[in-house]
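Here the sequence shown stands for residues 1 to 654, numbered as in the numbering used here.
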Amino acid sequence: MQVLLALLSQPGEVVSRESLMAEVWPNNNVNEETLTRCISILRKLFQANNSVRIQTLRNQGYRLLVTPQHLSHTSAIGSGVSIFAKAGIPLVLVIMVVVVGFKLNWFVPEFAAGKWKKEPMLTSKLDERYPEISPDGSRIVYCKYSNDASGEDLYVKVRGLDGNTLRLTDSPGHDVSPTWSPDGRLIAYQRKSGKRVTIHLMSSLGGKSKLLAEARGGVVEKMAWSKDGKFVAFTDRESNADPFSIFLANVSTGQVEKLTQPTHQHWGDYYPSFSPDGKQMSFIRGISAGTHDVYTIDLESKTEARLTFETQRTLGQIWSADGESIIFSTARGRTGYLHEIEKSGKHSSPLEIPGRRPSMDKEGQYLLVEDWDHDYDVIKVRSDSSGFIRDGLPELNSNFEDFSPSLSPNGKELAFISNRTGFYEVWILSIETGETRVVTDLKANYLSSANWSPDGQRLVLTKFTREGNADISIIEIESLSEKSILQSAYNEMAPRWSVDGKSIYFSSNKTGRYEIWGYSLEVSQPIQISNNGGYAVLPSDEEDLLYFTKYDQPGVWQIDISSGVEKQLVDDLHLFDWANLSVSNNKLLYLSRPSAWANTTLRSYNLNTGDRDSLFSLSYLPPVPGLVASANPEFYFLTQSVKDDVDVMLYVRN
């Protein structure tokens, strides 16, 4: 309401984002996402009335466009609506704004930031992750790396008592994802040793653990204990070709059953949470590794419902203590912020509480979150006899996420994706002058795989939509215009230009699994190329050869387009590095690592001889697209995690 009043005070004039935030929230540390959501709510209210419109002016702010109309009976409401009359906003719309404003204000207070007092709970140089507060709110279980970072173990800390911490596990593997039983006596957790992931039960006071089940898909994700204490919900999949689903392990028998049924269009389901009455489960469903939404499932009828339509990174979710809403963390900017949505999905509200993986006691008195401080930068490195040398790129040393670099054909510009504006957009860095400029205004929840055309005039990329799928667009750099070329109910991913610039290669799951496809810009007809799976593609200088990775198998393959014959070239590219490959000087360059967050080796495969060589090792490389090589002189652009610290914060109800 206050945002609308601020715009109404200057009808037809441009009001900057900065002045709006200063006027509406003068004494609060509010991010731009809050303003964006307020504008979105107002636009939804105005949809049925063509006389009122809020215009966005790029890099400037907002303008309220109104058509003067007669507003009768203003005296019945009082002089307070006179400003609306002057702006020409109809009375029915004024009433609707006021009513909806009251409704939103009624919905927010339970979890408004002012209702909670922040108390740093666990802070150290070692990451504290997967925190969960006990049902009675007295204790916190979490995992922490050992001092030599060789593995993670579980700890229990009594809330409010400094130094009173009990170490539960001491294993060479990774003990993570703990969850309390409803009575607080037991803890279920996952142990990852190599590629094997097992689920264990143990007393919350420590002692021997009991093997409950094995997660055959080898993934570690947050678990949940059912309210009747009979089941532990976890993420798994039946084969590498299937999406991840939520499974239930019977605590008494160890028997496992599949609960959710995502389609092959989806990355999968994870992060389950049981409603307080035990009748429903909420979970996160992803269309990719970085775009998700919140769903619920009725545990009796197995009926699923989609609650959010954010289509962006969702970083944990839980039910509120009264069972009327769901609190979830979503990241459009640098970090995750908590939001709340009614269980019906009708109304949601952003909260000014940063954090991921929220947890709450059964009375709703304590709110626990992971507090992440991370930063991705694009770096330039070159190798010599001593290893590698990092060349400074201060223009890409931002406090936001800069990733997915792509070098222009002339080697003078570098395109990359960043969320510096609060949304994901494509930026271009001039390597000669150091100047950066944004070349899109997509206001996207997530972008990926920007790639230059051979003539250096266009970029092709993947854009994730609010409808829950990924499409492919071409950006004309000079005119800053966007053209969608591949739109469907499926996911079209990881596009690359052909060497002649007449076609685009990409992957799609329209057949039920990801395969490599080709799309001629002249014919506008996609043609399937691979038949045994394919995810990220890299064109070769030879017209009929493509290099590609697969969705469900590590490694890099080569396929002859004319014959359809494929062969595996290397087997040590991790699944999370699906787009971390490049070709330079007749060598296939790729990243190799044993697990998603392990240190990485840059390796080369000689395309003539088949010889392999390890070039140098790098640390802190996140599992996001980020490798591009230059032939002359030889150097590499990579995405590096500059800062990645995780602490636990406790919020206590005032």
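Backbone N, C-alpha and C fix where the C-beta goes; we use that ideal spot for every residue, glycine too.
Just so we're clear, the structure is a prediction, and the values are computed from it rather than from any experiment.
{"Asked": "Beta-carbon contacts of Glu257 that lie in its chain and below 6 Å, excluding the five residues immediately before and after", "Found": "Leu248"}
{"Asked": "Cβ of Phe548 within 8 Å of any chain D Cβ", "Found": "Structure shown: chain D not included; a single protein chain is present."}
{"Asked": "Three-state secondary structure assigned by DSSP to Ser656", "Found": "The chain is shown only over 1 to 654; residue 656 falls outside these bounds and no answer can be derived."}
{"Asked": "Proximal residues to Ala444 (C-beta, below 8 Å), its chain only, five neighbours per side dropped", "Found": "Phe423, Tyr424, Glu425, Lys463, Phe464"}
{"Asked": "Which of helix, strand or coil DSSP assigns to Val3", "Found": "helix"}
{"Asked": "Rounded distance between the beta-carbons of Tyr366 and Gly160, thought under 8 Å", "Found": "The pair is not a contact, with the Cβ atoms about 10 Å apart (cut-off 8 Å)."}
{"Asked": "Proximity to Gly355 [Cα-Cα], best of Gln640, Ile327, Ala470", "Found": "Ile327"}
{"Asked": "DSSP-derived helix/strand/coil call for Val24", "Found": "helix"}
{"Asked": "Own chain residues within Cβ distance below 7 Å of Leu545, not counting five before or after", "Found": "Gln558, Asp560"}
{"Asked": "Limits of the unbroken beta strand (DSSP E) element including Ser520", "Found": "515-520"}
{"Asked": "Leu575 and Pro554 closer than 8 Å at C-beta", "Found": "yes"}
{"Asked": "Beta strand (DSSP E) segments (min. 3 residues) lying fully within the region 472-521", "Found": "481-486, 492-497, 503-508, 515-520"}
{"Asked": "Exposure label - Asn586; buried when at least 16 CB within 10 Å", "Found": "exposed"}
{"Asked": "Backbone CA spacing between Met223 and Phe309 [nearest angstrom]", "Found": "23 Å"}
{"Asked": "CA nearest to the CA of Ala489, picked from Lys510, Ile527, Met21", "Found": "Lys510"}
{"Asked": "Length-filtered (3 minimum) beta strand (DSSP E) runs lying within the region 239-276", "Found": "245-250, 256-258, 268-274"}
{"Asked": "Burial state of Lys567 (16 or more Cβ within 10 Å)", "Found": "exposed"}
{"Asked": "Residue from Tyr620, Thr311, Val232 whose Cα sits closest to the Cα of Gly254", "Found": "Val232"}
{"Asked": "Sequence-distant residues of the same chain with beta carbon closer than 6 Å to Val3, five excluded per side", "Found": "Val24, Cys38"}
{"Asked": "Nearest-angstrom Cα separation, counted from Arg437 out to Leu65", "Found": "29 Å"}
{"Asked": "Exposure label - Gly336; buried when at least 16 CB within 10 Å", "Found": "buried"}
{"Asked": "Beta-carbon proximity list for Asp571, same chain, < 7 Å, skipping 5 on both sides", "Found": "Pro554, Gly555"}
{"Asked": "Leu589 versus Ser604: straight-line alpha-carbon distance, rounded", "Found": "4 Å"}
{"Asked": "Beta-carbon gap between Asn491 and Ile287 smaller than 8 Å", "Found": "yes"}
{"Asked": "Cβ pair Glu413, Ile428 closer than 8 Å", "Found": "yes"}
{"Asked": "Asn451, enclosing beta strand (DSSP E) - first and last residue", "Found": "447-452"}
{"Asked": "Extent of the continuous beta strand (DSSP E) run through Ala215", "Found": "210-215"}
{"Asked": "Cutoff 6 Å; reference Asp613; Cβ partners in own chain excluding five residues on either side", "Found": "Ser604"}
{"Asked": "Same chain, Cβ closer than 6 Å to Leu186, neighbours up to 5 away in sequence not counted", "Found": "Leu201"}
{"Asked": "Simplified DSSP assignment, three categories, for Lys115", "Found": "helix"}
{"Asked": "Spatial distance of Gln312 from Ile199 (CA atoms)", "Found": "29 Å"}
{"Asked": "Closest residue to Gly564 among Asp175, Glu542, Gln528, Thr549 (Cα-Cα distance)", "Found": "Gln528"}
{"Asked": "Ala305 versus Asp322: straight-line alpha-carbon distance, rounded", "Found": "20 Å"}
{"Asked": "Between the CA atoms of Gly533 and Ser294 - distance to the nearest angstrom", "Found": "The sequence given here places Val at residue 294; Ser does not occur at that position. Distance between the alpha carbons of Val294 and Gly533: 28 Å."}
{"Asked": "Beta bridge counterpart(s) of Ser171 as assigned by DSSP", "Found": "The partner list for Ser171 (beta bridge, DSSP) is empty, contrary to what the question assumes."}
{"Asked": "Test item: CB-CB of Asn451 and Pro394 under 8 Å", "Found": "no"}
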